[in-house]
Amino acid sequence: MVQRVLDKGTGLTIEGIYRKPGKAVDVEDVINKVDKDPNFPIGSLSINVHAVASAFKQFFHALSGPFIPYKVQTDLIKKFNDLPRMIH
Numbered sequence: 001m002v003q004r005v006l007d008k009g010t011g012l013t014i015e016g017i018y019r020k021p022g023k024a025v026d027v028e029d030v031i032n033k034v035d036k037d038p039n040f041p042i043g044s045l046s047i048n049v050h051a052v053a054s055a056f057k058q059f060f061h062a063l064s065g066p067f068i069p070y071k072v073q074t075d076l077i078k079k080f081n082d083l084p085r086m087i088h
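Structure representation (structure tokens):
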């Protein structure tokens, strides 16, 4: 689901996309359809982008651990902190 949402890019320019919740019934519909078929064409549903964003947030919330493992986070933070020095 993560890759499909990122690839499509739909809604990335909509203000408040992750702040405004989608309708609960639509969110459940997205989750159920994707659970049954990971390749389900989400765009075929008659729902707004906020429902997809809410389902996306629930996906991350349901993970057993962080999306980026702790042992990788430290290295990423160091790399991001070094970026300004690398650019200049």
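The opening residue of the sequence shown carries number 1 in the UniProt record's numbering; numbering runs sequentially from there.
Beta carbons are placed, not taken as given, at the ideal position from N, Cα and C, and that holds for glycine.
Terminal residues of the alpha helix (DSSP H) in which residue i lies
| i | result |
| --- | --- |
| Asn48 | Per DSSP, Asn48 belongs to no alpha helix (DSSP H) and is neither H nor E. |
| Glu28 | 24-36 |
Exposure label - residue i; buried when at least 16 CB within 10 Å
| i | result |
| --- | --- |
| Ile68 | exposed |
| Gly16 | exposed |
| Ile42 | buried |
| His50 | buried |
| Val27 | buried |
| Val30 | buried |
Contact test: residue i Cβ vs the ligand ATP heavy atom, cutoff 7 Å
| i | result |
| --- | --- |
| Gly22 | Here there are no bound small molecules, and the ligand ATP is not part of this structure. |
Assess, as a yes-or-no matter, whether the segment 44-64 is touched by the segment 16-27 under the definition of 3 or more beta carbon pairs within less than 8 Å.
Because the criterion of three Cβ pairs below 8 Å is met, the segment 16-27 and the segment 44-64 touch.
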